[in-house]
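To start, the structure itself, in structure tokens.
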Amino acid sequence: MTSRTGGRAAAASDLSRGGGTPAESEPMLLYLVKQVELAVRSHLDDLLRPAGLTALQYTALTVLERRPDLSSAQLARNSFVTAQSMADMITALERRGLIERHRDRDDRRRLVVALTADGRELLDRYRERVAALEARMLADLTETEISGLRRSLHACQANLAADRPAGVRLQALVLLAAALGVAAAERGGDVALTLRRGREVQARLQAREALGQAVGEALGQTAEPARPLAAKRPAEG
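Throughout, our numbering is defined as the position within the sequence shown, counted from one, plus 5.
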């Protein structure tokens, strides 16, 4: 039986070779996109390390800059992380004084997250350096080529997002979690644990679906300073 690690390595090898023989074929675009994603993530981590931030934490701050007063769940979906990871991230960022939590003005029952003055100052401090990283990525491309790349990425994202309606997928996951809970109860298993795992899967799917929308918004902001193209968290083995 092929091991899980061996399966991943084989899949990566297939993507790197494309459809033909190793000597003849170009790398698949899926492979190239993944390589760019990982390179951006690595460079952002290096760039932000002096500030004690990760690329994902910085992404969350930029999301709050564009869309203030988000709930924790909304921020998680737009920052490409799970709800549990976002809860830990909010605690860390709030402890540093970069964000704050307060009651929604329109719905006092709702707790929302917003940038503090220190959070805005940090974003301002790194804005030019992040823009320089994007400029480095796009070096040697003409304005026409950059515009074409932007349109192509929009089209790729839209094609994948149109695969199946998000609501249908999420509803299916909710029903699946409920069914697993019933099955666990019948076997005398831990229902709460099963349902919690189902909710974690749902949160991960929501985060992935938010990726296309958030990246599309970032790519569409041609008149604004460059935003970081935050990478989705690589799958952990």
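Quick reminder that beta carbons are idealized off the backbone N, C-alpha and C, glycines included.
Chain-order list of residues whose beta-carbon lies under 6 Å from that of residue i (same chain, five-residue window excluded)
| i | result |
| --- | --- |
| residue 115 | 109 |
| residue 74 | 117 and 119 |
| residue 106 | 116 and 118 |
C-beta atoms of residue i and residue j nearer than 8 Å
| i | j | result |
| --- | --- | --- |
| residue 56 | residue 84 | no |
| residue 134 | residue 52 | yes |
| residue 62 | residue 98 | yes |
| residue 128 | residue 67 | yes |
| residue 151 | residue 158 | no |
Close Cβ partners of residue i (< 8 Å) along its chain, the five nearest in sequence each way excluded
| i | result |
| --- | --- |
| residue 77 | 88, 91, 92, 95, 116 and 118 |
| residue 50 | 59 and 60 |
| residue 37 | none |
| residue 164 | none |
Outcome for residue i when other beta-carbon atoms lying within 10 angstroms are tallied against a minimum of 16
| i | result |
| --- | --- |
| residue 60 | buried |
| residue 81 | buried |
| residue 104 | buried |
| residue 124 | buried |
| residue 86 | buried |
| residue 147 | exposed |
| residue 130 | exposed |
| residue 54 | exposed |
| residue 249 | No statement about residue 249 is possible, as the shown extent of the chain runs from 6 to 242 and does not include it. |
| residue 46 | buried |
| residue 111 | exposed |
Own chain residues within Cβ distance below 7 Å of residue i, not counting five before or after
| i | result |
| --- | --- |
| residue 48 | 138 |
| residue 122 | none |
| residue 71 | none |
| residue 102 | 121 and 123 |
Which residues DSSP lists as bridging residue i, in chain order
| i | result |
| --- | --- |
| residue 166 | Per DSSP, none; premise fails for residue 166. |
| residue 118 | 75 and 106 |
Minimum Cβ-Cβ distance from residue i to chain D less than 8 Å
| i | result |
| --- | --- |
| residue 54 | Within the model displayed, chain D is absent; a lone protein chain is all it includes. |
Q: Report the residue ranges of all alpha helix (DSSP H) runs contained in full by the stretch 64–115; include only those spanning at least 4 residues, in chain order.
A: 77–84 and 88–100
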